[in-house]
Amino acid sequence: MRQNALSGEPLLHTTGLTLKFGGVTAADDIDFELRRGERLAVIGANGAGKTTFINICTGYLKPSSGRIFFGDTDVTGMGPRRIVQLGVGRSFQLPQLFLEHTVQECLQLASAGRQGRLSRFAPLAATADLRAVAAMLELVELEHCAAHPVTVLPEGHRKLLDVAIALMLQPKLVIMDEPTSGVASEDKHSVMGTIMRALQERDVTAWFVEHDVDIVLQYATRVAAWIDGRIAADGAPGDVFADPVIRREVLGER
Ligand SMILES: Nc1ncnc2c1ncn2[C@@H]1O[C@H](COP(=O)(O)OP(=O)(O)O)[C@@H](O)[C@H]1O
Ligand SMILES: [Mg+2]
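Here you go:
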């Protein structure tokens with residue numbers, strides 16, 4: 051990540067964040083802090099609570115107890131729309147895209163939405179910032195399929211578009227839940243490379259869930275490992291991957 055005067059300042063933190071689903075404690079008293087400029091990879095087995103924690107931090111789920119702060123602002127209890135407006139973008143394991151729209155139209159919708167100019171009565175191209183849309187298409191290397199409907203895009207392109215839509219809202223942080231899942235293995239590195247370059251270019255802090263150790267090692271500056279609703283290890287990638295508990299419980303080594 052490009053260094054600037056704000057690198058390293060606290061961006062998001064949680065205290066005692068807890069959420070129970072019946073008998074399952076999906077988030078168990080989590081104290082967590084993310085600093086500006088970090089590239090955080092989250093690892094952990096299925097069901098460990100990675101998505102639940104993201105859903106709480108982005109306003110999709112309310113915690114049973116604990117608090118979430120974005121900068122100095124207490125965002126606990128705020129809904130997703132307000133949290134997005136504060137600068138927390140998100141992409142999804144299964145991108146939430148308008149399938150019948152083209153790539154260009156999806157970005158125009160995001161642009162018009164950002165400016166509060168979405169209208170049923172005005173053409174989309176008149177309400178969107180077309181220069182910002184063109185710049186985004188170039189940034190995420192989707193110019194060649196700008197006119198393609200989302201339905202025909204391979205999964206890797208859908209993931210890029212999902213991140214591009216999040217970036218249209220000019221966030222400080224983008225949280226990505228498994229940005230390479232479902233992407234053909236030969237395309238994973240190029241998709242991740244394009245995403246991380248785009249975030250770096252826009253000075254956006256990255257938090258991503260990823261199962262592929264090679265990708266984590268290539269792109270993360272920090273790794274947090276989830277086990278049973280808790281952060282079991284958090285630190286430099288080399289240290290977390292050397293931890294015997296993580297090797298056994300998360301990486302499945304015997
Ligand atoms: N909406 C829900 N209702 C009930 N249980 C849930 C819900 N979402 C997640 N869980 C449970 O919470 C735990 C953590 O799930 P999740 O956060 O999706 O894990 P991960 O993303 O690490 O695979 C799992 O035991 C899962 O079954
Ligand atoms: Mg998940």
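When the count follows this note's numbering, it moves up by one through the sequence shown with no breaks and lands on 304 for the last residue.
Idealized CB from N, CA, C, for every residue including glycine.
Judged by DSSP secondary structure, K209 falls within the alpha helix (DSSP H) whose first and last residues are E205 to M218. Note on geometry: alpha-carbon atoms of R117 and F71 lie some 18 Å from one another. Taking C-alpha positions only, R272 is separated from L187 by approximately 29 Å. Counting only beta-carbon distances shorter than 5 Å to the non-hydrogen atoms of ligand 1, the qualifying residues in chain order are F71, V74, A76, N96, G97, A98, G99, K100, T101 and T102.
Annotation for S240: the continuous alpha helix (DSSP H) segment containing it runs S235 to E251.
Taking 8 Å as the upper bound for CB-CB distance, T230 and V241 are in contact here, some 6 Å apart.
When the five nearest sequence neighbours on each side are left out, the beta carbons in the same chain lying within less than 6 Å of the beta carbon of E299 are those of I277, in order along the chain.
Relative to ligand 2, the nearest heavy atom lies less than 7 Å away from the CB of Q143.
Nearest Cα to C107 within the set L157, L61, D264 and A234: L61.
Here L90 is buried: its Cβ has 16 or more other Cβ atoms, across all protein chains shown, within 10 Å. A buried status is given to S141, since no fewer than 16 other beta-carbon atoms sit within 10 Å of its beta-carbon. Counting every other CB atom within 10 Å of its CB across the protein chains shown gives F120 a total of 16 or more, marking it as buried. Cβ-Cβ separation between V183 and Q158: approximately 6 Å, consistent with a contact (criterion under 8 Å). If you check the CB distance, T244 and R86 do not come in under 8 Å. According to the DSSP assignment, D264 belongs to the alpha helix (DSSP H) that extends over V263 to Y269.
Between V202 and L147, the C-beta gap is not smaller than 8 Å, which leaves the two residues out of contact.
Placement of the Cβ of D262 at a distance of 7 Å or more from every heavy atom of ligand 2 is found. Relative to ligand 2, even the nearest heavy atom lies 7 Å or more away from the CB of D78. Residue burial annotation: V125 is buried, with at least 16 other C-beta atoms found within 10 angstroms of its C-beta.
Inclusion of A286 and I296 in the CB contact set at 8 Å is not warranted, their separation being larger than that value.
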